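Beneath this line is the structure, given in structure tokens, with notes to follow.
Residue numbers (my numbering): 36 to 120.
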């Protein structure tokens with residue numbers, strides 16, 4: 036959606052002649068503002084991706100660590116039980 040607005044502004048700017056410098060200046064400023072908005076949105080999305088990635092890492096660590104700890108505890112339990120201590 037933002038990309039489409041940016042393309043329209045660029046097309047208007049390209050169609051603008053040198054005879055109307057005020058209109059061209061207004062279009063240039065609008066184009067710059069639109070580009071900044073797109074960059075800001077991309078940055079926000081990137082931050083969201085980072086947060087999701089961190090959650091995935093934490094969940095993966097728990098999924099691996101908890102069963103491994105349970106198996107190790109069971110192994111130690113049965114070794115001690117087998118030795119009769």
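Using N, Cα and C, we set each Cβ at its ideal position, and we do this for glycine too.
Please read all numbers here as calculations on a predicted model, not as lab measurements.
For a test of the three-state rule: what should DSSP assign to residue 120, helix, strand or coil?
Three-state DSSP puts residue 120 in coil, outside helix and strand.
How long is the line joining the alpha carbons of residue 89 and residue 97, rounded to whole angstroms?
The alpha-carbon atoms of residue 89 and residue 97 are separated by roughly 13 Å.
Residue from 77, 112, 69 whose Cα sits closest to the Cα of residue 40:
Of the candidates 77, 112, 69, the one whose C-alpha sits nearest the C-alpha of residue 40 is 69.
According to the Cβ coordinates, are residue 85 and residue 38 closer than 8 Å?
Against a cut-off of 8 Å, the Cβ pair of residue 38 and residue 85 comes out as no contact.
Rounded to whole angstroms, what's the CA-CA distance from residue 110 to residue 95? Just pull it up for me.
Straight-line measurement puts the Cα of residue 95 at about 23 Å from the Cα of residue 110.
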